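Take a look at the structure below.
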Amino acid sequence: MVKEHKSVLRKIGTAAVLLFLVACASTKKESRIIADFNPDWNFKLGDHPTAIQADFDANDWRTLDLPHDWSIEGTFSKDYPTKPKQGALPAGIGWYRKSFTLPESAKNKSIAIEFDGVFCNSEVWINGHYLGKRPFGYISFSYDLTKYLNFGNQKNHIAVKVDNDAQPSSRWYTGSGIYRNVRLVTTNKLHVAHWGTVVTTPKVSAEKATVDYTVSIQNDSDLQKEFKVITDILDANNRSVARLEATEQIGANALLEKGQKFEVQNPKLWDTKNPNLYKVVTKIYEKSTLVDDYETPLGFRYFAFDAEKGFSLNGVPMKIYGVCLHHDNGALGAVANYHAIKRKLTIMKEMGVNAVRMAHNPPSLEMLQLCDEMGFIVQDEVFDVWKKKKVTHDYNKYWDEWYKRDLEDFIKRDRNHPSVMMWSIGNEIREQFDSTGISITKELAQIVKSLDKTRPVTSALTENVPEKNFIYQSGALDLLGFNYKHTDYGTFPERFKGQKIIASESVSALQTRGHYDMPTDSIRMWPKKYGEDFDGNADWTVTAFDNIASFWGTTHEENWKAAKKYDFIAGTFVWTGFDYIGEPDPYPYPARSSYFGIVDLAGLPKDVYYMYQSEWSEKDVLHLLPHWNWTQGKLIDVWAYYNHADEVELFLNGKSLGSKAKKGDELHIAWKVPFEAGTLKAISRKAGKIVKETEIHTAGEAAKIDLKSDKTSIKNDGYDLAYITVSLLDKDGNPLPTADNLINFKVSGGAKIVGVDNGYQASLEPFKADYRKLYNGKCVVILQSNKKAENITLEATTAGNISLGTVNIKVE
Ligand code: GAL
2 MVKEHKSVLR KIGTAAVLLF LVACASTKKE SRIIADFNPD WNFKLGDHPT
52 AIQADFDAND WRTLDLPHDW SIEGTFSKDY PTKPKQGALP AGIGWYRKSF
102 TLPESAKNKS IAIEFDGVFC NSEVWINGHY LGKRPFGYIS FSYDLTKYLN
152 FGNQKNHIAV KVDNDAQPSS RWYTGSGIYR NVRLVTTNKL HVAHWGTVVT
202 TPKVSAEKAT VDYTVSIQND SDLQKEFKVI TDILDANNRS VARLEATEQI
252 GANALLEKGQ KFEVQNPKLW DTKNPNLYKV VTKIYEKSTL VDDYETPLGF
302 RYFAFDAEKG FSLNGVPMKI YGVCLHHDNG ALGAVANYHA IKRKLTIMKE
352 MGVNAVRMAH NPPSLEMLQL CDEMGFIVQD EVFDVWKKKK VTHDYNKYWD
402 EWYKRDLEDF IKRDRNHPSV MMWSIGNEIR EQFDSTGISI TKELAQIVKS
452 LDKTRPVTSA LTENVPEKNF IYQSGALDLL GFNYKHTDYG TFPERFKGQK
502 IIASESVSAL QTRGHYDMPT DSIRMWPKKY GEDFDGNADW TVTAFDNIAS
552 FWGTTHEENW KAAKKYDFIA GTFVWTGFDY IGEPDPYPYP ARSSYFGIVD
602 LAGLPKDVYY MYQSEWSEKD VLHLLPHWNW TQGKLIDVWA YYNHADEVEL
652 FLNGKSLGSK AKKGDELHIA WKVPFEAGTL KAISRKAGKI VKETEIHTAG
702 EAAKIDLKSD KTSIKNDGYD LAYITVSLLD KDGNPLPTAD NLINFKVSGG
752 AKIVGVDNGY QASLEPFKAD YRKLYNGKCV VILQSNKKAE NITLEATTAG
802 NISLGTVNIK VE
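When we follow the numbering used here, the leftmost residue of the sequence shown carries the number 2, and every step to the right adds one.
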């Protein structure tokens, strides 16, 4: 059974593809085989045009498993054409090649290769035949290989050229290579077409839902066929809650669209807290033989944007608590690993986030699948530029030839995901400033509507003078997205009468995890105006007190106060949930990753994470900042984020420093405390009853290394990851908040180290290494299954009289 958009696939190598096909041909049980085509590729940097030939010898090329990003393997340099804005990592050209055999029995099958994303300008050849080019590095695509394949002992050779040489190719770090999953899909001649289903739910209530479903059935054979199509709607326990059957005929080499309408009684609705999922499963039979089996995700939900009341889901008004996320996964680079994405979303969910804006290009399939499963509302965004560029080698170069195809493919791939609730046709598009914006917006919106009428079309705008904004003037947007207009929200109902509005991007405040500058009495903007330098710190840090912001943005607190105040603002997408590689504004090299994240690049929360948690989640929160290791007598600003309480009392070494409570719309409380080593403790109380207690301690000398794994076991599948957070503890177990010791790692058993990071935006240490310096007391090691069925031990050592740290992880 195919799981549309599911990348947790059978892990089948070249030989196994063959065995599997033989087995399935003989048992006739498998009607569709989705083979994981990631393992065992050859790769070489540079241009190797002769690699398309069958007799090309790639033996001296490196062997690797996809997904792969060669940029992240490089060392940093300010001299690369990528520049710090693109991560100061190497790009260039690279070739991939893979040889495989197929059994004779596959001769009568249809065989396609699916690429989820290749950055960028990919060109693909099979056995010397050119299959095509896809310039857009974020789009998913597939090629039909059937007529070029060899069967039996004769090998097939697939070659992929990836050309990310012309730089800059995006405004941020892109990664280079086949950075998302690849599958080989084998079907019978009669099969469901690629992205061949559309499911919508025209009427949804807790009592009853209707489902409109269309499946495109493709006949690749020269014979007319009669077949039966049986579609079931399955609930989470795989029980059928609705079924339809029909007998159809299809001509030779033809495509047939079959529509089916269902009713489901008492559907369990999908929402952000209970993301109940169903699936639509279509089976195609020729006589009594099952010839295809295809699955599409389904969620029952209804939502609305209202010009006065904002957003509601299933009739319940709610604010969109959103973050913008770029596609990179920190130390893994652009590599789309299911487990890395799940960790990213888990950290966001814990903070209280309920929505993600896919900034600014189509995300990986795994991202959307996880948003469906974990309950995130998605603003799915396709372009950062249209015809007018932002950087020299932007997508605008390909616009005329490709925009229609890319936009259509984007919608076709993503339209069945219940999490997707908005289509953004562009971010801060230049055409909003001139009249060409009108016709392009109209055309793009019309393309979207021709493929999906169930979601609003939006665009992230920066011009909020209506007569100057030509994207708005087009009248083709259903929902207006505004980036950074928090100071003007009050004027919107008047300016944009009757319009539905969301803050598509906000904040752009700057912070380095664990670094604190005092005093914190005022908010500072970087810079005050264009062209002005940032008078920042010599070590390229920015304080983690929430009081430094870009001048177009504001602090997290100020933004949230504004978004919260107005019901008509459907919600806010904070720039950004995580730091990302590239765009290290406001600093020059060696800064090479962004400061905008609520969480750092290694996945370690900055303090403001807890401000959001106190506002957006239901958890009891009481968080103190900064740390408690200072020089005697220094006047320290102590902030507390808290919720569910009337007041917070602060104690230093047992002595009360008094109670405080947030006033008006305040989001934190603050004290000024002369430093004295020991214990700083806060107690929050509601009606006199303790809600939560939090303590921080002055740490002494380092005594041992502490390793904390996010998982106690991982799968032996070559993909699963464990993230281990490393810190130093004193003899009493207190973490050292400013330690910067170099830690060396040794791993044994079923895992390898695939990344190290400490979240410091100006670190020039490589991401691929078995060592890392702590930064403000912490770093993270990422382990990936190496397919060995052996339990894992990670050992961490450092110089001096400090005990080593070990952690054991089971392999299942
Ligand atoms: C926005 C833009 C984002 C990012 C951000 C940084 O204008 O949409 O992609 O560049 O600024 O503040």
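Every residue gets a Cβ at the ideal spot worked out from N, C-alpha and C, and that includes glycine.
Quantities reported herein were computed from a predicted structural model and do not represent experimental measurements.
Neighbour-count burial assignment, residue i, 16 or more Cβ in a 10 Å radius
i	result
glutamine 87	buried
serine 141	buried
alanine 703	buried
threonine 202	buried
histidine 130	exposed
proline 856	No answer is possible for residue 856: the residues shown for the chain start at 2 and end at 813.
leucine 795	buried
isoleucine 793	buried
leucine 708	buried
asparagine 644	buried
aspartate 666	exposed
leucine 19	A caution first: leucine 19 carries a pLDDT of 37, below 50, which makes its placement in the model unreliable, though a value can still be read off. That one is buried.
isoleucine 691	exposed
glutamine 250	exposed
glutamate 619	exposed
glutamate 367	buried
7 Å Cβ cutoff met for residue i and residue j
i	j	result
glutamate 791	serine 714	no
alanine 55	asparagine 128	yes
serine 425	threonine 459	yes
phenylalanine 39	valine 183	One detail in the question is off: residue 39 reads as asparagine in this sequence, not phenylalanine. Taking 7 Å as the Cβ cut-off, asparagine 39 and valine 183 qualify as a contacting pair.
isoleucine 430	alanine 504	no
asparagine 465	aspartate 489	yes
valine 161	serine 123	yes
lysine 259	valine 230	yes
valine 508	asparagine 560	yes
tyrosine 590	glutamine 762	no
lysine 661	isoleucine 670	yes
One or two residues paired with residue i in a DSSP bridge
i	result
cysteine 325	Arg358
glycine 532	Note: glycine 532 sits in no beta bridge, so no partner.
methionine 526	Ala550
arginine 244	Asp233
serine 728	Asp707 and Lys779
glutamate 74	For glutamate 74, which the question treats as bridged, DSSP gives no partner whatsoever.
tryptophan 271	Pro276
arginine 686	Glu648 and Ile691
Rounded C-alpha distance that separates residue i from residue j
i	j	result
phenylalanine 263	alanine 308	32 Å
glycine 491	histidine 557	18 Å
threonine 699	asparagine 735	7 Å
threonine 273	phenylalanine 304	12 Å
glycine 537	cysteine 780	24 Å
isoleucine 159	aspartate 48	16 Å
aspartate 45	arginine 63	The sequence shown places lysine at residue 45, rather than the aspartate named in the question. Each residue's alpha carbon lies about 6 Å from the other.
glutamate 351	alanine 510	21 Å
phenylalanine 746	alanine 797	5 Å
methionine 98	leucine 150	With the sequence shown as reference, residue 98 is identified as arginine, and methionine is not the correct amino acid for it. In a straight line, the C-alpha of arginine 98 is about 15 Å away from that of leucine 150.
valine 23	phenylalanine 152	Any reading at valine 23 must be qualified, since the residue scores a pLDDT of 34, below 50, and its modelled position is unreliable; the value itself is stated next. Approximately 12 Å, taken between the alpha carbons.
lysine 343	glutamine 633	43 Å
alanine 592	serine 615	31 Å
leucine 743	glutamate 766	11 Å
alanine 740	glycine 701	11 Å
glycine 604	histidine 361	21 Å
Continuous beta strand (DSSP E) stretch holding residue i: start and end
i	result
phenylalanine 493	Where phenylalanine 493 is concerned, there is no enclosing beta strand (DSSP E), although the alpha helix (DSSP H) it sits in stretches over 493-496.
valine 609	Valine 609 -> not in any beta strand (DSSP E); alpha helix (DSSP H) instead, spanning 609-617.
glutamine 227	Position check: residue 227 holds glutamate in this sequence, whereas glutamine was assumed. Start and end: 226-235.
lysine 450	Segment 437-452 is the alpha helix (DSSP H) holding lysine 450; no beta strand (DSSP E) there.
cysteine 780	779-786
leucine 67	Looking at the DSSP string, leucine 67 is not in any beta strand (DSSP E), and its letter there is neither H nor E.
alanine 160	157-165
Where the alpha helix (DSSP H) containing residue i begins and where it ends
i	result
tyrosine 643	Tyrosine 643 -> not in any alpha helix (DSSP H); beta strand (DSSP E) instead, spanning 636-643.
alanine 564	557-566
tryptophan 400	400-415
phenylalanine 471	471-474
Interface flag, residue i vs chain C, CB-CB below 7 Å
i	result
asparagine 267	Within the model displayed, chain C is absent; a lone protein chain is all it includes.
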